[in-house]
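Heads up, the thing below is written out as structure tokens.
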Ligand SMILES: NC(=O)c1ccc[n+]([C@@H]2O[C@H](COP(=O)([O-])OP(=O)(O)OC[C@H]3O[C@@H](n4cnc5c(N)ncnc54)[C@H](OP(=O)(O)O)[C@@H]3O)[C@@H](O)[C@H]2O)c1
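Numbering (my numbering), first residue to last: 2 to 232.
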């Protein structure tokens, strides 16, 4: 699993106004790709695009909003690479027996259905064109093999469900030139996890690698540091 796609591609990254998403935009731009910097707050997306420079396009995108996704798709057109990075962790310190269920729904709306919604907007074109890469930014807390995380149960369930969506989309896109994988970036120092050791730039290299896999790369797998890990 060496090497990256040599051709210049158009990549869209969600939740790109900060944290890991921003670093993934920088990494993909550094590889020479055109990057669509998609942020819920368009001003934030514009700032990031201006900071990166080159061929970057800022766009407003709230992954929970059908209209926003439709407008984004219309404005941007087809893309080759989609990184579903947008995510929330709002239930740290709760427990499975008491976490408010509206909070559970909120996590599912953003982390699971949001990524699914944006994938539905862009995957059909990828399959039609016979080339595409989708990366779901998942988490070790969503891995049964790792032990789900009772200290953030809604987040954990939303990422386990995101892993399931990854497998299903990968299966549908198999043999259509589209690779769909999930990445566990580890603990990354962002607003979500301010005390983590790993820098967004370090984690972004792995995400960008999964987003630019060659045609013989894996699909329907969970990656950690470029290696498949158990779900
Ligand atoms: N940090 C870690 O240790 C870690 C570990 C494993 C997985 N992850 C995953 O990595 C991804 C990036 O997280 P991060 O660490 O960079 O956290 P972050 O700094 O909190 O960034 C989260 C991003 O998601 C965006 N977002 C939230 N709701 C959205 C919505 N409805 N529509 C569009 N964008 C939305 C945020 O936009 P706003 O700025 O507008 O809020 C922000 O850009 C997440 O999926 C997270 O679960 C992180």
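Heads up, the beta-carbon is just placed ideally off N, CA and C, and yes, glycines get one too.
Could you round the C-beta distance between residue i and residue j to whole angstroms and report it? I think they count as a contact, below 8 Å.
i           : j           : result
residue 162 : residue 92  : Contact doesn't hold; Cβ gap of about 15 Å is too wide.
residue 213 : residue 134 : 7 Å
residue 179 : residue 137 : Wrong, their Cβ atoms sit about 13 Å apart, outside the cutoff.
residue 113 : residue 166 : 6 Å
Nearer than 7 Å: is that true of the beta carbon of residue i relative to any heavy atom of ligand 1?
i           : result
residue 59  : no
residue 65  : yes
residue 197 : yes
residue 86  : yes
residue 42  : yes
residue 186 : yes
Can you tell me where the beta strand (DSSP E) with residue i in it begins and where it stops?
i          : result
residue 12 : 11-14
residue 85 : 82-85
residue 68 : Here residue 68 belongs to no beta strand (DSSP E); instead the alpha helix (DSSP H) covers 67-77.
residue 39 : 35-40
residue 61 : 57-61
Among the candidates the options, whose CA atom is the shortest distance from the CA of residue i?
i           : options          : result
residue 32  : 136, 16, 9       : 9
residue 107 : 94, 118, 90      : 90
residue 191 : 11, 16, 12       : 16
residue 102 : 156, 207, 165    : 156
residue 76  : 232, 173, 37     : 37
residue 86  : 149, 99, 122, 26 : 26
residue 177 : 216, 200, 204    : 216
residue 63  : 182, 188, 42     : 42
residue 30  : 18, 45, 12, 189  : 12
Which residues does DSSP pair with residue i in a beta bridge?
i           : result
residue 189 : 199
residue 133 : 179
Using a Cβ-based criterion (distance less than 7 Å to any ligand heavy atom), does residue i qualify as near ligand 2?
i           : result
residue 113 : Of the ligands this structure carries, namely ligand 1, none is ligand 2.
Hey, quick one: how far does the alpha helix (DSSP H) through residue i stretch, first residue to last?
i           : result
residue 44  : 43-53
residue 107 : 102-108
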